[in-house]
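Asker: Have a look at this one before I ask anything.
Residue numbers (this note's numbering): 171 to 422.
In structure tokens:
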């Protein structure tokens, strides 16, 4: 009874990927991916993804610790706010960033008066990627911290360790599986980000054009080229899946 819907689900997930691989013009693959436009898009995508992961590690880890370890008024509200970008349509996320950081935005207006402009720059790409990716990291690390409990922190404190030493030598190592998984998820989400980026940063070659936006543009003018470029991100996605296989695919 469950075989038919299960087979349909598998076909829905696998068939598009198989057809993408089969229909990709492999004869012109290397010529396509070595163009200047692709190199620029790959550079910006890699830069934005790398900076996003660093931002998650530096800013998201303390936030996850606060949510998991510190009981303060409004914690549940903050946790809900952190999770909102997970379900927010990407275009809405871009509009929210424009509202806050645009030239006439709440914060963007102050930055403009100071001579700083964020929208339609590479910085805007990084901010958009971080905005949509950090919730994956924070929730993953918070879950790891909660699962680890506080008993080891208490033991460390009774032995004379201060809060920073306890965090660095006890809490963080125990939560490291969640940190690594969260960083990979954030990187993967950043790698495929499109809607918020094109809304807040635009699609300017060499400045804000990432691989997803380059693929979207190619799909309208050169569908075979779009399939070739899509294979680049597909290979990277498979590499991410391989890196996470011990955590997900082998789970009973």
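Glycine residues also receive a C-beta, built at the ideal position from the N, C-alpha and C atoms.
Would a check of beta-carbon distances place residue 236 closer than 8 Å to chain D?
Answerer: Here there is only one protein chain, and chain D is not present.
Asker: Count the other C-beta atoms from every protein chain shown that fall within 10 angstroms of the C-beta of residue 421, then say buried if there are 16 or more, exposed otherwise.
Answerer: With a pLDDT of 45 at residue 421, under the threshold of 50, the modelled position of this residue cannot be trusted; read the value that follows with caution. Exposed, because fewer than 16 other Cβ atoms sit within 10 Å of the Cβ of residue 421.
Asker: Starting from the C-beta of residue 357, find all residues in its chain whose C-beta is less than 6 Å away, skip the five residues before and the five after it, and write them out in chain order.
Answerer: 219 and 223
Asker: Candidates 195, 310 and 233: which alpha carbon is nearest residue 392's?
Answerer: 195
Asker: Are residue 403 and residue 381 close, meaning C-beta to C-beta below 8 Å?
Answerer: In contact: residue 403 and residue 381 (Cβ atoms closer than 8 Å).
Asker: Which residue from 314, 288 and 197 puts its Cα closest to that of residue 264?
Answerer: 288
Asker: Pull up the distance between the alpha-carbon of residue 310 and that of residue 352, whole angstroms please.
Answerer: 5 Å
Asker: So, are the CB atoms of residue 400 and residue 410 less than 8 Å apart?
Answerer: no
Asker: Three or more C-beta pairs under 8 Å: does that hold for the segment 363-383 against the segment 206-221?
Answerer: yes
Asker: How should residue 355 be labelled, buried or exposed, when 16 other C-beta atoms within 10 angstroms of its C-beta is the threshold for buried?
Answerer: buried
Asker: Out of curiosity, what's the CA-to-CA distance linking residue 293 and residue 207?
Answerer: 19 Å
Asker: Do you know how far the Cα of residue 240 is from the Cα of residue 327?
Answerer: 16 Å
Asker: Just to confirm, is the Cβ distance from residue 301 to residue 347 under 8 Å?
Answerer: no
Asker: I'd like the list of long-range same chain contacts for residue 340, defined as Cβ closer than 7 Å, with 5 residues on each side in sequence excluded.
Answerer: Non-local beta-carbon contacts of residue 340 in its own chain, meaning distances under 7 Å to residues more than five positions away in sequence, involve 322, 323 and 326 in chain order.
Asker: Just the C-alpha distance for residue 274 and residue 335, rounded to the nearest angstrom, thanks.
Answerer: C-alpha separation (whole angstroms): 44 Å.
Asker: Can residue 308 and residue 371 be called in contact, C-beta distance under 8 Å?
Answerer: no
Asker: Let me know the secondary structure DSSP gives residue 343 once reduced to three states.
Answerer: helix
Asker: Would you mind working out which of 406, 405 and 398 sits nearest residue 204, comparing C-alpha positions?
Answerer: 398
Asker: What does the Cβ neighbour count give for residue 369, buried or exposed, with the cut at 16 atoms within 10 Å?
Answerer: The residue in question, residue 369, is buried, as its Cβ has 16 or more Cβ neighbours within 10 Å.
Asker: Check the C-beta distance from residue 298 over to residue 367 and give it rounded, since I have them as a contact under 8 Å.
Answerer: 4 Å
Asker: Going by Cα to Cα distance, which pick from 345, 331, 291 and 364 is closest to residue 235?
Answerer: 345
Asker: Go through its chain and collect everything with a Cβ distance to residue 201's Cβ below 6 Å, but skip five positions before and after it.
Answerer: none
Asker: Compute the Euclidean distance between the alpha carbons of residue 362 and residue 330, then round it to the nearest angstrom.
Answerer: 45 Å
Asker: Beta-carbon separation of residue 376 and residue 193 under 8 Å?
Answerer: Going by C-beta atoms, residue 376 is not nearer than 8 Å to residue 193.
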